Each structure stands twice: as C-alpha cells, then as structure tokens.
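*Asks:* In my numbering, the protein residues as written are 1 to 147.
Idealized CB from N, CA, C, for every residue including glycine.
All values derive from a computational prediction rather than experimental measurement.
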Amino acid sequence: MKIKDLLLAEVDGYCPVCGDRSRDLTEHHLRQSTPKVHTYENRLMICRPCHDDHHAGKDPKAEALLSIKRRLIARTLTIPGLNALKEARRRGGVVAAPYLVNHLIEMRLISRKSVLSTHVWKGVEAVGEAFYTITDSGKDLLKKWRF
Ligand SMILES: [Zn+2]
Ligand SMILES: [Zn+2]
C-alpha cells in the first residue's frame with residue numbers, strides 16, 4: 001500500500017478534526033521543515049477549512065493534531081501489531097503469524113528474518129509463524145510517539 005493510500009485509509013474519508021465527510025481532504029505535515037519530511041507518521045489528512053484554520057493560528061493547534069495522529073497510528077498498527085512491535089523492541093525479535101504483522105512489513109517497521117513453520121492445506125502452503133525483528137524506523141516510531 002502506498003503511503004498516500006494509507007493516509008486516506010486511516011481517516012476513512014472523514015476529517016479527523018471536525019468529523020466532516022463532505023469536504024476535500026488535504027495533506028498536513030505535522031513537523032514543518034524544509035525540505036518537508038514525507039514519512040507516514042509526519043503526514044495527516046484533514047479537511048481544507050480545518051487546515052486553513054490551523055495555519056492561521058486558530059484551532060486545531062499543533063498539539064491537538066499530534067494527539068489525533070497518535071490515535072490514528074495506534075489504530076493503523078492495530079493492537080496485535082503494536083504489541084508485536086513492542087515485543088520485538090524489548091526482546092530483539094518476535095514470533096508471529098504473518099497476517100497479524102504484514103502491515104508492519106509494508107510500513108517497514110519490522111522485517112522477516114526466518115520462517116519457523118509452514119502448513120499445507122488442500123495443496124496450498126502457508127507460513128504458520130515467522131521470526132521478525134524491528135527496524136530502525138520501527139524503533140523511532142515507538143520512541144517518538146511514546147508507545
Ligand atoms: Zn475538518
Ligand atoms: Zn499544513
């Protein structure tokens with residue numbers, strides 16, 4: 001999944017600030033810098049009026065946008081995903097079923113080191129469990145957002 005698709009999916013068509021779903025969403029960079037940082041965690045889709053208000057110094061303030069983004073990150077990572085990421089940080093790796101953590105691989109937060117078990121059902125082979133380690137971006141994300 002491309003980052004842009006992920007950003008749109010995480011707000012599900014709604015502005016996460018005002019809850020409106022009829023307005024065009026635009027991309028806001030949480031940390032303003034030159035050049036802009038285009039990572040998933042630095043970008044948030046919000047509606048144009050909320051975006052204009054923010055940049056005019058009105059609500060939503062930067063702090064409010066950061067706390068919205070933190071909630072969205074937690075939801076995007078999912079509870080099992082976040083747990084897997086924390087365990088990988090704490091113990092140097094985590095054993096998990098692929099379907100619980102594949103989104104973390106797409107987001108480059110973990111990487112798969114080895115397949116521990118495979119199962120065959122009706123001629124179809126599937127990975128049962130694999131061993132994953134956390135990447136530097138995974139560590140950065142947990143640290144920066146205090147997970
Ligand atoms: Zn809005
Ligand atoms: Zn902006």
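Work out the CA separation of I79 and G196 for me, nearest whole Å.
*Replies:* Outside the displayed range of the chain (1 to 147) lies residue 196, so it cannot be described from this structure.
*Asks:* So, with DSSP's three-state summary, where would you put V101?
*Replies:* V101 falls in the helix class under three-state DSSP.
*Asks:* Could you tell me how far apart the beta carbons of L109 and S137 are, in whole angstroms, since I believe they sit closer than 8 Å?
*Replies:* Indeed, because the Cβ distance is near 6 Å, the residues count as touching under 8 Å.
*Asks:* Report all residues from its chain with a CB closer than 7 Å to the CB of S117; omit the five preceding and five following residues, and keep chain order.
*Replies:* Excluding sequence neighbours, S117 sits near G128, E129.
*Asks:* Report the CB separation of L8 from L30 in whole angstroms; it is logged as a contact under 8 Å.
*Replies:* Contact flag wrong, Cβ pair sits at about 16 Å.
*Asks:* Between the C-alpha atoms of K61 and D52, what's the straight-line distance to the nearest angstrom?
*Replies:* So the alpha carbons of these two residues sit roughly 11 Å apart.
*Asks:* Between D20 and ligand 4, is there a pair consisting of the residue's CB and a ligand heavy atom that are separated by less than 7 Å?
*Replies:* Ligand 4 is not among the ligands present in this structure, which contains only ligand 1 and ligand 2.
*Asks:* Does the Cβ of M107 have 16 or more other Cβ atoms within 10 Å, making it buried, or fewer, making it exposed?
*Replies:* With 16 or more Cβ atoms within 10 Å of its Cβ, M107 is classed as buried.
*Asks:* Could you tell me the alpha carbon to alpha carbon distance between N102 and G13, rounded to whole angstroms?
*Replies:* When rounded, the distance between both Cα atoms is 23 Å.
*Asks:* If you scan the region 41–74 from start to end, which runs of the beta strand (DSSP E) of 3 or more residues do you find wholly inside it?
*Replies:* List check, beta strand (DSSP E) in window: 43–47.
*Asks:* Please find out if some non-hydrogen atom of ligand 1 comes closer than 7 Å to the beta-carbon of I68.
*Replies:* Not under cutoff, so the answer is no.
*Asks:* Classify A96: buried if its beta carbon has 16 or more other beta carbons within 10 angstroms, exposed otherwise.
*Replies:* The residue is buried, with at least 16 neighbouring Cβ atoms inside 10 Å.
*Asks:* Can we count H28 as close to ligand 2, meaning its CB is less than 7 Å from some heavy atom?
*Replies:* Yes, Cβ of H28 sits closer than 7 Å to a heavy atom of ligand 2.
*Asks:* Among residues of its own chain, excluding the 5 on either side of E125, which ones have a beta-carbon nearer than 6 Å to its beta-carbon?
*Replies:* Within the same chain, E125 has close Cβ partners T118.
*Asks:* In the DSSP assignment, the alpha helix (DSSP H) including R91 goes from what residue to what residue?
*Replies:* 79–91 is the extent of the alpha helix (DSSP H) around R91.
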